[in-house]
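Asks: Sequence positions in the sequence shown follow the numbering used here and run 8 to 683. C-beta atoms are modelled at their ideal positions from N, C-alpha and C, and glycine is treated no differently. Please read these numbers as outputs of a predicted model, since none were measured by experiment.
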Amino acid sequence: MTTQYAHWQLTKDTHNLFWLGLDRQGKSVNSIHGEILSELDEIITHLSNKLPPMALIIHSLKPTGFIAGADIEQFKDIDDPQVAIDLIRQGQRVFEKLENAPFTTIAMIDGFCLGGGCELALACDYRIASLDSKTKLGLPEIKLGIHPGWGGTVRLPRLIGSLKALDLILTGKSIPAKVAQKMGMVDVAVPKRLLKQATVQLAQKPPARKSLPAWNQIVDLDFVRPFIAKMMLKKIKSKVKKAHYPAPFAVIDNWQEYGVQHPQAYTVELESMGRLVVGDTAKNLVRVFFLQDRLKNEAKTFKFKAKHVHVIGAGVMGGDIAAWCAMQGLRVTLQDQKPEFLQSAMKRAHQLAVKKLREPHEVQNMMDRLIPDCKGEGVYQADVIIEAITEKLEAKQALFTKLETQAKPGAILATNTSTIRLEEIRQPMQNPKRLIGIHFFNPVAQMPLVEVVHSDDTDESIVGAGLAFVKQINKLPLAVKSAPGFLVNRILLPYMLEAVSLLEEGVAGPVIDKAAMEFGMPMGPIELADTVGLDVCLHALEKLAESFGYVIPPILREAVRQGTLGKKTGKGFYEYKDDKPIKEKVVDDFIPQDIIDRLSLRMVNESVACLREGIVKDADLLDAGTIFGCGFAPFRGGPIHYVRSSGFDVMRKQLEQLETRYGDRFQADRGWYDVA
Ligand code: NAI
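1. What are the start and end residues of each continuous beta strand (DSSP E) run of 3 or more residues lying completely inside the region 400–469, in chain order?
2. What residue range does the beta strand (DSSP E) around H368 cover?
3. Helix, strand or coil: which one does DSSP assign to Q342?
4. By the 10 Å Cβ neighbour count, where 16 or more other Cβ atoms means buried, how is Y387 classified, buried or exposed?
5. So what does DSSP say about Q204, is it helix, strand or coil?
6. According to DSSP, what are the bridge partners of L485?
7. With DSSP as the reference, identify every bridge partner of Q1, one or two as the case may be.
8. If distances are taken between C-alpha atoms only, which option among H40, D48, K592 comes closest to I74?
9. Within 6 angstroms: the Cβ of G320 and any heavy atom of the ligand SAH?
10. Please classify V1 as buried or exposed, where buried requires at least 16 other C-beta atoms within 10 Å of its C-beta.
11. To which residues does DSSP link P588 through a beta bridge?
12. Output yes or no for whether 7 angstroms exceeds the beta carbon distance between V195 and A187.
13. May I ask which residues mark the beginning and end of the beta strand (DSSP E) holding C120?
14. Going by other Cβ atoms of all chains shown within 10 Å of its Cβ, with 16 needed for buried, is F642 buried or exposed?
15. Can you give the Cα-Cα distance for Q211 and L121, rounded to whole angstroms?
16. For Q404, which of F234, A675, Q437 has the nearest alpha-carbon?
17. For K584, count the other beta carbons within 10 Å of its own beta carbon; 16 or more makes it buried, fewer makes it exposed. Which is it?
18. Are I498 and S614 touching if we call contact CB-CB under 7 angstroms?
19. List in chain order: all unbroken beta strand (DSSP E) runs of 3+ residues lying wholly within the region 162–214.
20. Quick one: what does DSSP say I235 is sitting in, helix, strand or coil?
21. CB-CB under 8 angstroms to L504, same chain, minus the five flanking residues each way: which ones, in chain order?
22. Let me make sure I understand the geometry here. Which of R668, K660, G579, G678 has the alpha-carbon closest to that of I619?
23. Within 6 angstroms: the Cβ of I396 and any heavy atom of the ligand NAI?
24. Answer yes or no: do L177 and P233 have a C-beta to C-beta separation smaller than 7 angstroms?
25. Would you kindly work out how many angstroms separate the C-alpha atoms of V611 and R651, rounded to a whole number?
26. Kindly confirm or deny that the region 267–284 and the region 141–161 touch, where touching means at least three C-beta pairs closer than 8 angstroms.
27. Mind the definition here: the region 30–37 touches the region 61–80 only if three or more C-beta pairs lie below 8 angstroms; say whether that holds.
28. Helix, strand or coil: how does DSSP classify R216 here?
29. For M530, verify whether its CB is less than 6 angstroms away from any heavy atom of the ligand NAI.
30. Could you name each continuous beta strand (DSSP E) segment of 3 residues or more that falls completely within the region 624–667, going from the start of the chain to the end?
31. Restricting to runs no shorter than 4 residues, where is the alpha helix (DSSP H) found entirely within the region 273–346?
32. Could you pull out every residue in the same chain whose Cβ sits closer than 7 angstroms to the Cβ of V370, ignoring the five residues on either side in sequence?
33. Quick check on the burial criterion: 16 or more other C-beta atoms within 10 angstroms. Buried or exposed for M524?
34. Beta-carbon separation of L474 and E305 under 7 angstroms?
35. Nearest to M353 by CA position, among E366, V323, K382, is which residue?
See below:
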């Protein structure tokens with residue numbers, strides 16, 4: 008017997024078990040909004056009023072996962088904390104009703120179970136999850152500048168203990184079913200094929216609830232919490248500033264003040280969420296979330312799908328690109344003129360596999376897909392060919408003139424060049440319009456963005472195929488025009504140049520880095536230069552200087568001349584110990600605003616120039632590119648959004664003042680009026 012609701016489907020089976028499947032109308036993925044909650048409310052009332060079922064099993068009817076979270080669209084435009092509170096309260100109320108239902112409730116989880124979806128599962132009596140690699144549980148709200156609001160900050164600590172729960176909430180990380188079971192977040196974890204059968208057994212014979220070990224309760228005591236909260240705050244403060252990211256601080260404050268045993272904890276969670284939802288940080292981080300979607304969607308209309316990738320050049324970049332593609336399930340052939348480079352690339356690929364993939368058989372499968380190919384035989388079968396050889400124009404030209412005669416007709420021919428324009432590389436090719444850039448950033452496994460570089464006359468379908476390929480390998484694709492530095496380096500390099508100029512002027516490296524982090528950058532520019540390699544930075548700056556006339560500070564040339572190239576040589580602008588820079592503590596916490604402005608406005612002004620020149624299609628894509636490619640302070644929503652929200656006139660005035668003090672390089676770009 009089945010009852011159909013707009014979003015839910017309720018089915019009674021022969022064992023008096025009720026199966027409640029969620030299939031959110033009009034969407035491919037389940038996320039929770041007000042209407043879904045109202046229906047759930049009605050269903051619980053209905054089942055409670057009649058002869059209660061033996062158990063209610065909540066599951067997903069979508070092929071893609073359980074529930075991805077709350078629908079954040081509904082919070083996007085709220086400016087009044089009270090409106091936010093009223094909206095969130097509905098979820099708290101319905102989940103409380105679910106928790107107190109007069110029958111056993113079970114969440115049957117297969118695939119992602121995140122945010123509001125995870126909070127729903129936590130309100131059930133039991134959770135059973137499949138051991139499928141796609142099954143992940145977590146409360147990632149912190150990444151959106153908020154925290155769980157439907158009881159998650161209370162129920163998870165009660166279930167698995169405050170320390171483990173707060174760690175999950177504060178990091179926003181999601182965990183596989185096996186780990187969740189070990190933590191006590193799920194009761195049963197079984198292979199996917201046994202999930203339904205095991206759920207029936209669980210429903211028919213639910214085990215008694217285990218209580219947490221005593222030390223977990225000690226952690227929650229009123230006089231113990233302040234000590235633990237202090238330690239947590241210290242850790243958080245070393246990573247982020249409260250003014251930039253208030254949510255983790257709110258989580259710790261709420262917990263310290265009220266713990267999780269008192270019903271008041273739910274009210275505190277609700278009110279705290281109300282304040283966070285309307286704040287700038289949450290609004291901008293939600294914006295970043297949608298920008299990420301925008302990047303993925305740009306590739307959606309193109310059907311290209313690769314099976315085989317051939318990478319030429321097994322150096323720093325080529326080796327890591329090949330490893331990444333193999334990890335994403337593609338067959339990869341990797342070619343280099345020197346076998347020793349292939350050998351070391353294979354070794355690095357294995358290290359990456361061991362780090363990222365849990366199961367030994369997955370490591371083995373990935374390594375089986377990655378084939379060293381000295382002779383370059385993969386060229387003939389590959390769907391995508393990526394060139395990552397030494398940055399020399401003639402060598403790249405010679406390679407592509409040969410490749411275009413060997414590659415399959417529909418195969419993508421791409422270069423990973425950072426500094427050479429497509430128009431130069433493709434010049435001797437018979438079909439020059441075929442060449443695109445697929446520009447990865449270093450380190451490949453960590454950097455989410457990949458630029459898909461095209462000329463004005465590149466066929467749209469070839470650019471589209473490039474975007475689709477980048478999306479296929481789970482990176483964020485951004486189409487950029489072939490112009491010096493493309494987008495990311497064009498914006499990042501003037502900022503790093505300004506940092507090196509400050510160093511030349513005698514400002515200490517740690518002060519410069521701290522200034523950038525005050526603005527919200529994830530890493531200071533001096534440390535970044537060392538990480539990238541001072542030789543790589545110098546080469547890129549020299550190349551860009553040909554177009555933009557940069558003056559390169561002698562301190563950088565001197566470091567390269569002396570062979571102190573940064574982290575990779577153990578010494579650059581900093582000295583390194585265990586791969587970490589030795590930085591003197593900045594004694595005075597006061598960082599002159601002038602330094603912060605010099606660094607940030609170089610980036611912002613260059614962003615405005617890129618927008619004017621049409622390096623990317625529009626302002627949102629520019630913001631997305633700078634956040635995911637340059638690490639531009641995410642909570643500011645991107646440089647163009649930052650200009651618009653801070654006030655065009657204010658920022659122009661700041662630039663004018665810097666121009667008076669430091670010269671032409673701060674002259675406001677002509678594009679400022681378009682942005683305004
Ligand atoms: P690399 O010097 O580490 O590696 C280049 C590899 O290409 C070497 O193993 C060399 O033996 C091989 N090679 C040279 N000519 C070849 C040929 N004709 N056939 C086959 N193999 C050949 O260089 P890296 O740093 O990996 O850079 C490669 C490309 O990626 C360059 O175009 C560079 O601009 C670009 N890039 C570099 C980044 C970086 O941070 N290193 C970042 C983004 C792009």
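Replies: In brief:
1. 419–422, 442–446, 456–461
2. One-based indexing of the sequence shown puts residue 368 at position 361. H368 -> not in any beta strand (DSSP E); alpha helix (DSSP H) instead, spanning 367–376.
3. The count along the sequence shown starts at 1 and reaches residue 342 at position 335. In this structure, Q342 counts as strand in the three-state DSSP scheme.
4. For the purposes of this step, residue 387 is identified with residue 380 of the sequence shown, where counting begins at 1. It is exposed - the Cβ of Y387 has fewer than 16 other Cβ atoms within 10 Å.
5. One-based indexing of the sequence shown puts residue 204 at position 197. Helix.
6. Locating residue 485 in the sequence shown gives position 478, where the first residue counts as 1. In the DSSP output, where bridge partners are listed per residue, L485 has E458.
7. Given a span of 8 to 683 for the chain in the structure shown, any question on residue 1 remains unanswerable.
8. Numbered from 1 along the sequence shown, position 67 holds the residue referred to as residue 74. It is H40.
9. The model depicted lacks the ligand SAH and carries the ligand NAI instead.
10. With the chain covering 8 to 683 only, the question about residue 1 has no answer from this structure.
11. Residue numbering aside, residue 588 sits at position 581 when the sequence shown is read from its first letter. Looking at the DSSP assignment, P588 forms a beta bridge with Y583.
12. Taking the sequence shown and counting its residues from 1, the one referred to as residue 195 is at position 188. Taking the sequence shown and counting its residues from 1, the one referred to as residue 187 is at position 180. Not in contact: V195 and A187 (Cβ atoms no closer than 7 angstroms).
13. Sequence index remark: in the sequence shown, residue 120 carries index 113 (1-based). Per DSSP, C120 is one residue of the beta strand (DSSP E) stretching across 119–121.
14. Here the question's residue 642 lines up with position 635 in the sequence shown. Buried is the call here.
15. Numbered from its first residue, the sequence shown carries residue 211 at position 204. Numbered from its first residue, the sequence shown carries residue 121 at position 114. Each residue's alpha carbon lies about 27 angstroms from the other.
16. Taking the first residue of the sequence shown as 1, we reach residue 404 at position 397. Relative to Q404, the option among F234, A675, Q437 whose CA is nearest is Q437.
17. In the sequence shown, the residue the question calls residue 584 occupies position 577. K584 is exposed by the Cβ-count criterion.
18. Here residue 498 refers to the residue found at position 491 when the sequence shown is read from its first residue. Here residue 614 refers to the residue found at position 607 when the sequence shown is read from its first residue. Taking 7 angstroms as the Cβ cut-off, I498 and S614 qualify as a contacting pair.
19. Counting only runs of 3 or more residues that sit fully inside the region 162–214, the beta strand (DSSP E) segments are 181–183, 195–197, in chain order.
20. As a first step, residue 235 is located in the sequence shown; it is residue number 228 there, counting from the start. Helix, per DSSP.
21. Start at 1 with the first residue of the sequence shown, and residue 504 comes out as number 497. Counting only Cβ-Cβ distances below 8 angstroms, and skipping sequence neighbours, we find L548, Y557, I559, P560, R609.
22. Along the sequence shown, read from residue 1 onward, the residue named residue 619 stands at position 612. In the sequence as presented, Ile is not what sits at residue 619; that position holds Arg. The option with the nearest alpha carbon to R619 is G678.
23. Working through the sequence shown from its first residue, we reach residue 396 at position 389. For the ligand NAI, at least one heavy atom lies less than 6 angstroms from the Cβ of I396.
24. To locate residue 177, count along the sequence shown from 1; it is residue 170. To locate residue 233, count along the sequence shown from 1; it is residue 226. Not closer than 7 angstroms, so no.
25. Here residue 611 refers to the residue found at position 604 of the sequence shown. Here residue 651 refers to the residue found at position 644 of the sequence shown. Cα to Cα, the separation comes out at about 11 angstroms.
26. yes
27. yes
28. Along the sequence shown, one-based indexing puts residue 216 at 209. In the three-state reduction of the DSSP assignment, R216 falls in the coil class, being assigned neither a helical nor a strand state.
29. Within the sequence shown, the letter at position 523 stands for residue 530. No; taking the cut-off as 6 angstroms, the Cβ of M530 has no heavy atom of the ligand NAI nearer than that.
30. none
31. 287–305, 323–334
32. For this step, residue 370 is matched to residue 363 along the sequence shown. Counting only Cβ-Cβ distances below 7 angstroms, and skipping sequence neighbours, we find A360, V361, L364.
33. For the purposes of this step, residue 524 is taken as residue 517 along the sequence shown, with counting starting at 1. Answer is buried; the Cβ neighbour count reaches 16.
34. Residue mapping note: residue 474 aligns to position 467 of the sequence shown, counting from 1. Residue mapping note: residue 305 aligns to position 298 of the sequence shown, counting from 1. A contact, by the Cβ cut-off of 7 angstroms.
35. Reading the sequence shown from its first residue, position 346 is the one you call residue 353. Minimum Cα distance to M353 is reached at V323.
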